[in-house]
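S.K.:
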DNA sequence: CTACATTTGCGAAAAATTGCGCAATCGAGG
DNA sequence: CCTCGATTGCGCAATTTTTCGCAAATGTAG
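Protein chains in written order, with the numbering used here: chain A, 1 to 214; chain W, 1001 to 1214.
In structure tokens, the structure reads:
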């Protein structure tokens, strides 16, 4: 019964959910794995296989009910509630994260922001007043914090991550260009645009030479 | 000879390069796959296998020369030159991208910024003046642009991506919450923090209930 | 010069992931 | 109520990716 669900599958579910939400806004009632796959650039078989880990949501000959499947995915992913997050590091990037309007509508609430710089502490950004990171533990008290967002310079990041873990955070969204070390009960996702660019250039490099001189 | 190198391998190389750069700054001369693996949380075997696609860079009994391997990786990934990028979409996010100091030092130059909003066009952000996206083609003339960064709202993104491809871009860093369609000669990497959060909550959800009430 | 502790590179095995094929089912249209 | 085209769920096969295991090589110490 408790069959192991591959991480790759979990990573794809939010993508499906996002596409379904778009279809719902367009007033679409049902969608086949074929259609959905074409939109997302994945094979229909993969979509069906992924979903089959969790149940039988489709109807033969018809496809999937958009609204129903979206609800199921939300439940599966735990998106049917709100998650409490804190941001550490309020520089250029941290500010952008704090001002980003895309988290709250999806149930991700930023409830506190911290920084080490005394000049930044006390500033108000998007209805939050920045608190000193040295007082993170005390400031948060016993509050449940689900997710920590790390937007500090690389040098401070591991230390901040340790502190977050100490505050009971069980997931970390890491924007710092390091490979974090965390206990096994803590999940980490890294976002580093430079790494993304650097892997694409591998392919660019190759066709740079073989391209016609125009 | 032209054996196919898996994408997953290419995606890991920049991570290795980043770690090696850190080691170099620390004055470290050699490193074993064991050490490097421990730092990055990957198995030594994986590092050795990945590198073996490209050559034999290590010495038995010693490990890898940090400087040498870093140079090799830079060459392999095409990081030994500068890449020309444009940003489309100068809202909150686009501004953050334009102001981010982490691209240029790695050889990624943003040479132009575009937006559709007449109120934004003409503004100066980080030494660039925003140009109208409707004039992208003309503005760029015949210049080579390697990478397009998309930071528009979802509704505009696909259209913008088509225009970028039309301008000869061969790689796209997409911040918009959509699954882009591009011709097969164009590479895409998506960055969507919401997707990252949504896949982590799957795991949080599970231990929320099983955790002790404290 | 020999013995020894290390560590690579790589073939082969194991594990994970993806894709195929098709019986079963569904709804529409006679 | 029967037929037909469409589409799922899923066992199984194919492919991809990771890990293992070890011979060969390297440097050190005696």
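For glycine and all other residues, C-beta sits at the position ideal for the given N, C-alpha and C. Since we're looking at a predicted model, the values are computed, not measured.
1. If you reduce the DSSP assignment to three classes, tell me which class residue 207 of chain A lands in.
2. Note down the Cα distance separating residue 1119 of chain W from residue 1136 of chain W, rounded to an integer number of angstroms.
3. Using a Cβ-Cβ cut-off of 8 Å, state whether residue 1203 of chain W counts as contacting chain A.
4. In the DSSP assignment, find the beta strand (DSSP E) that holds residue 64 of chain A and state where it starts and stops.
5. Report the partner residues of residue 59 of chain A according to the DSSP bridge assignment.
6. Looking at chain A, is there any beta carbon in it that lies within less than 8 Å of the beta carbon of residue 1108 of chain W?
7. Taking residue 1040 of chain W as part of the beta strand (DSSP E), name the residues at either end of that continuous run.
8. Counting contacts by CB-CB distance shorter than 8 Å, is residue 173 of chain A in contact with chain W?
9. Assuming the contact rule is C-beta atoms closer than 8 Å, residue 1125 of chain W and residue 1084 of chain W should be a hit. Round their C-beta distance to whole Å, please.
10. With 16 other CB atoms within 10 Å as the buried threshold, where does residue 1193 of chain W fall?
11. Kindly provide the ranges of any alpha helix (DSSP H) runs that are 4 or more residues long and lie completely inside the region 1125–1164 of chain W, ordered along the chain.
12. Using 8 Å as the threshold, is the region 99–107 of chain A in touch with the region 1098–1116 of chain W, meaning 3 or more CB pairs across them?
13. Where do the N-terminal and C-terminal ends of the beta strand (DSSP E) with residue 1172 of chain W fall, by residue?
14. Under the DSSP definition of a beta bridge, which residues are partnered with residue 113 of chain A?
15. Using DSSP with H/G/I as helix, E/B as strand and the rest coil, what is residue 1054 of chain W?
16. Run through chain W and tell me which residues come within less than 8 Å of residue 99 of chain A, C-beta to C-beta.
17. Decide if residue 185 of chain A is buried, meaning its Cβ has at least 16 other Cβ atoms within 10 Å, or exposed.
18. Using a Cβ-Cβ distance cut-off of 8 Å, determine whether residue 1113 of chain W contacts chain A.
19. Can you find a CB in chain W that lies within less than 8 Å of the CB of residue 198 of chain A?
20. For chain W, is any of its Cβ atoms less than 8 Å away from the one on residue 158 of chain A?
21. First and last residue of the beta strand (DSSP E) that includes residue 1007 of chain W?
22. For residue 30 of chain A, which three-state DSSP category applies?
23. Only counting the same chain, and skipping five residues up and downstream in sequence, which positions put a Cβ closer than 8 Å to that of residue 1178 of chain W?
24. What do you reckon, are the CB atoms on residue 130 of chain A and residue 109 of chain A nearer than 8 Å?
25. Starting from the C-beta of residue 1067 of chain W, find all residues in its chain whose C-beta is less than 7 Å away, skip the five residues before and the five after it, and write them out in chain order.
26. From this set, W/1080, W/1092, W/1147, W/1078, which residue's C-alpha is nearest residue 1112 of chain W's C-alpha?
27. Measure the alpha-carbon distance for residue 1040 of chain W versus residue 1046 of chain W and round it to whole angstroms.
28. What would DSSP say about residue 81 of chain A, mapped onto helix, strand or coil?
29. Give me the Cα-Cα distance between residue 1264 of chain W and residue 1150 of chain W, rounded to the nearest whole angstrom.
30. Taking the C-alpha atoms as reference points, what is the distance between residue 160 of chain A and residue 1191 of chain W?
31. Going by beta carbon distance, what residues of the same chain come within less than 6 Å of residue 216 of chain A, once the five residues before and after it are set aside?
M.R.: Looking at the atomic coordinates:
1. helix
2. 17 Å
3. yes
4. 63–65
5. A/63
6. yes
7. Careful: residue 1040 of chain W lies outside any beta strand (DSSP E), inside the alpha helix (DSSP H) at 1033–1040.
8. yes
9. No, residue 1125 of chain W and residue 1084 of chain W are not in contact; Cβ-Cβ is about 18 Å, not under 8 Å.
10. buried
11. 1136–1140
12. no
13. 1171–1174
14. A/87
15. coil
16. 1092
17. exposed
18. no
19. yes
20. no
21. Per DSSP, residue 1007 of chain W belongs to no beta strand (DSSP E); it is in the alpha helix (DSSP H), 1007–1025.
22. strand
23. 1154, 1157, 1158
24. no
25. 1024
26. W/1147
27. 11 Å
28. coil
29. Nothing about residue 1264 of chain W can be reported from this structure: the residues present for chain W run from 1001 to 1214 only.
30. 23 Å
31. No answer is possible for residue 216 of chain A: it lies beyond the span of chain A, which begins at 1 and ends at 214.
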